[in-house]
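Worksheet for the structure shown next.
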Amino acid sequence: MHHTPHETVLEIEAPRVKFGRGAIAEVGAEAAALGLRRVALFTDARLAALEFVERARASLRAAGVDVALFDGVRIEPTDGSFRAAAEFATSARVDGYISIGGGSVIDTAKAANLYATYPAPFERYVNAPLGEGAPVPGPLAPHIACPTTSGTGSECTGIAIFDFTAHAVKTGIASRRLRPLLGIVDPDATRSLPAAVVAASGFDVLAHALESFTAKPYTQRLRPAVPSARPLSQGANPYSDLACVEALRLLGMHLVDAVADAHDDDAREAVMYAATLAGIGFGNAGVHVPHGMAYAVAGLVRDFRPPGYDADHAMVPHGMSVIVTAPAVAHFTAPAAPDRHRLAGALLGAAGKVDDDQTGDALADTLARLMRATGIPNGLHALGYRPADVPALVEGAFAQQRLLANSPRPVGREDLAQLFAGAFSNW
Ligand SMILES: NC(=O)c1ccc[n+]([C@@H]2O[C@H](COP(=O)([O-])OP(=O)(O)OC[C@H]3O[C@@H](n4cnc5c(N)ncnc54)[C@H](O)[C@@H]3O)[C@@H](O)[C@H]2O)c1
Ligand SMILES: [Fe+2]
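Here the sequence shown stands for residues 0 to 426, where the numbers follow numbering that gives the first Met the number 0.
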């Protein structure tokens with residue numbers, strides 16, 4: 000038999016999700032069906048005061064499930080805020096987790112569950128090279144994730160992202176074991192979302208779909224020596240393509256309207272569905288260069304304070320940090336996969352026939368048009384960065400080898416420097 004060195008096997012992670020208006024009222028029944036008696040309910044301070052969270056609590060009460068509330072989640076979490084959440088979870092003596100919030104909340108619940116279930120020094124499970132990248136020893140406690148932003152798709156992924164303060168860069172913990180047992184995705188949650196959050200988290204969705212769709216195909220990766228070494232981020236593949244193409248189509252049709260009008264229920268629901276689809280797509284394929292660069296952008300924030308976010312600290316919202324470099328990256332990656340870049344541009348609204356050597360331009364122009372239409376700042380300059388910051392940004396991004404390896408084109412330090420330089424203004 001002939002053995003090729005390249006990957007021939009695709010692994011399909013199909014997360015369990017309930018989607019639709021009113022779904023949040025089923026959280027109590029679902030928790031009870033999992034046998035949960037007492038859960039830690041994670042949310043943030045703003046959400047804790049909203050009716051949506053109260054609906055979830057009423058449902059849990061009706062099902063006889065006891066709640067220990069943690070509403071101290073930090074927006075754009077850090078290693079310190081993950082640790083504090085884990086301490087809460089350890090002392091709360093719970094048998095399961097419910098998270099109600101954006102990616103900040105869902106990721107915090109994942110980390111709390113991990114460290115409360117398998118206590119370890121913090122670095123143990125953190126991605127290498129900043130952490131040890133040790134495997135999670137066994138299953139975690141059941142976690143039901145209920146997203147309230149049309150954003151991260153974290154309910155579908157085994158990833159928890161945080162800002163590693165001492166290193167001034169974002170990184171994460173990645174393991175199939177972190178994936179919530181169930182996502183309850185109720186578009187009603189998005190009615191109270193400020194426009195700026197719909198815009199930033201919507202571009203996170205767009206970036207998940209676009210990067211997964213243009214990632215290095217899984218068949219171009221080397222086959223792992225043992226099955227357990229197959230990465231979560233497998234590269235572009237036929238299963239994630241299905242989800243990503245539909246997510247891009249929905250965003251092209253509805254993102255601008257969803258940002259502009261909190262009462263446009265159809266547009267907000269469509270973007271919420273796109274967020275879940277893109278989470279399925281990137282949970283199976285993985286993202287690449289813009290996300291790798293974003294972790295440096297966010298980690299090196301100076302004094303930017305975004306409108307619409309309830310944070311008492313400087314921060315660049317994740318979706319903003321990702322999308323500012325996406326046009327520059329589109330130019331860079333298009334030659335490696337022109338057909339995919341052309342289709343992505345068309346799904347997002349690029350009109351007319353696009354030649355092979357123009358697909359990067361067409362996609363970059365379309366991205367810039369969508370960003371302008373939704374109030375995203377015009378590039379790194381508007382977020383407070385200066386050309387002198389490029390070397391530090393490059394180092395932060397270069398450390399994200401797990402993501403850069405998923406790029407359709409090899410990316411070195413000089414490429415990253417050029418891409419950052421090209422992202423200071425996008426129009
Ligand atoms: N785990 C993953 O797979 C994954 C993927 C992408 C991003 N992330 C991470 O997720 C985080 C970002 O999450 P996010 O974009 O969902 O936003 P977020 O959780 O940071 O929340 C943003 C703001 O919106 C508010 N908010 C949330 N829902 C609301 C609602 N329904 N009504 C009113 N206000 C509401 C929050 O209080 C906060 O002020 C980042 O840390 C990012 O790195 C994780
Ligand atoms: Fe993201």
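Glycine is no exception: its CB is placed at the ideal position from the N, C-alpha and C atoms. Every value quoted in this text rests on a predicted model; they were computed, and no experiment measured them.
Checklist entry - Sorted by chain position, which residues of the same chain lie with C-beta nearer than 7 Å to Leu35's C-beta, five sequence neighbours on each side aside? => result For the purposes of this step, residue 35 is taken as the residue at position 36 of the sequence shown. The residues are Val64, Asp94, Gly95, Pro141.
Checklist entry - What first and last residue would you give for the alpha helix (DSSP H) that runs through Ser200? => result For the purposes of this step, residue 200 is taken as the residue at position 201 of the sequence shown. Taken as a continuous stretch (DSSP letters only), the alpha helix (DSSP H) holding Ser200 covers 194 to 213.
Item to check | beta-carbon Phe51 near ligand 1 non-hydrogen atom, thresh 7 Å | outcome: Counted from its first residue, the sequence shown places residue 51 at position 52. Checking every heavy atom of ligand 1 against the Cβ of Phe51, one is found closer than 7 Å.
Checklist entry - In whole angstroms, what is the alpha-carbon distance linking His5 and Ile160? => result Mapped onto the sequence shown, residue 5 falls at position 6. Mapped onto the sequence shown, residue 160 falls at position 161. Near 30 Å, if we compare the C-alpha coordinates of Ile160 and His5.
Next on the checklist: Please classify Thr275 as buried or exposed, where buried requires at least 16 neighbouring CB atoms within 10 angstroms.
Outcome noted: Within the sequence shown, residue 275 is the residue found at index 276, counting from 1. The residue is buried, with at least 16 neighbouring Cβ atoms inside 10 Å.
Checklist entry - Do you know how far the Cα of Ala31 is from the Cα of Thr365? => result Within the sequence shown, residue 365 is the residue found at index 366, counting from 1. Within the sequence shown, residue 31 is the residue found at index 32, counting from 1. Answer to the nearest angstrom: the Cα atoms are 46 Å apart.
Next on the checklist: Does Val410 pass the burial test, meaning 16 or more other C-beta atoms within 10 Å, or should it be called exposed?
Outcome noted: Position 411 of the sequence shown, counting from 1, holds the residue named residue 410. Its Cβ being crowded by 16 or more others within 10 Å, Val410 is buried.
Checklist entry - With distances taken from CA atoms, which of Tyr114, Gly152, Thr147, Phe121 is nearest Gly137? => result By 1-based counting over the sequence shown, the position of residue 137 is 138. It is Tyr114 whose Cα lies nearest to the Cα of Gly137.
Next on the checklist: Only counting the same chain, and skipping five residues up and downstream in sequence, which positions put a Cβ closer than 7 Å to that of Ala173?
Outcome noted: For this step, residue 173 is matched to residue 174 along the sequence shown. Cβ neighbours of Ala173 beyond the five flanking positions: Asn126, Gly157, Ile158, Leu231.
Checklist entry - Using CA coordinates, which residue listed in Thr213, Ala91, Leu415 is at the minimum distance from Asn112? => result Taking the sequence shown and counting its residues from 1, one reaches residue 112 at position 113. Checking every option, the nearest Cα to that of Asn112 belongs to Ala91.
Checklist entry - To which residues does DSSP link Cys145 through a beta bridge? => result Taking the first residue of the sequence shown as position 1, residue 145 is located at position 146. The partner list for Cys145 (beta bridge, DSSP) reads Ile99.
Checklist entry - Between Pro334 and Gly359, what straight-line distance do the alpha-carbon atoms span, to the nearest angstrom? => result As a first step, residue 334 must be located in the sequence shown, where it is residue number 335. As a first step, residue 359 must be located in the sequence shown, where it is residue number 360. Cα to Cα, the separation comes out at about 8 Å.
Next on the checklist: I need the straight-line Cα distance from Arg339 to Lys215, nearest angstrom please.
Outcome noted: Numbered from 1 along the sequence shown, position 340 holds the residue referred to as residue 339. Numbered from 1 along the sequence shown, position 216 holds the residue referred to as residue 215. Between Arg339 and Lys215, the C-alpha separation is close to 11 Å.
Item to check | Through-space distance from Ala28 to Ser58, alpha-carbon basis | outcome: Looking up residue 58 in the sequence shown gives position 59. Looking up residue 28 in the sequence shown gives position 29. Each residue's alpha carbon lies about 7 Å from the other.
Checklist entry - Going by the beta-carbon positions, is the gap between Pro289 and Glu210 smaller than 8 Å? => result Counting from one through the sequence shown, the residue named residue 289 turns up at place 290. Counting from one through the sequence shown, the residue named residue 210 turns up at place 211. Yes.
Item to check | Residues near Ala119 in its chain [Cβ-Cβ closer than 8 Å; skip 5 each side] | outcome: Within the sequence shown, numbered from 1, the residue matching residue 119 stands at position 120. Excluding sequence neighbours, Ala119 sits near Ala133.
Next on the checklist: So, with DSSP's three-state summary, where would you put Val225?
Outcome noted: Taking the sequence shown and counting its residues from 1, one reaches residue 225 at position 226. In this structure, Val225 counts as coil in the three-state DSSP scheme.
Next on the checklist: Let's test the definition: count the other Cβ atoms within 10 Å of the Cβ of Pro237 and tell me whether it reaches 16, buried, or not, exposed.
Outcome noted: The residue you call residue 237 lines up with position 238 of the sequence shown. When all chains shown are included, Pro237 counts as exposed.
Checklist entry - Are the CB atoms of Asp187 and Ile23 nearer to each other than 8 Å? => result Looking up residue 187 in the sequence shown gives position 188. Looking up residue 23 in the sequence shown gives position 24. Yes; because the gap between Cβ atoms is below 8 Å, this pair is in contact.
Next on the checklist: Which residue marks the beginning of the alpha helix (DSSP H) containing Leu342, and which one marks its end?
Outcome noted: Working through the sequence shown from its first residue, we reach residue 342 at position 343. Counting along the chain, the alpha helix (DSSP H) containing Leu342 begins and ends at 337 to 346.
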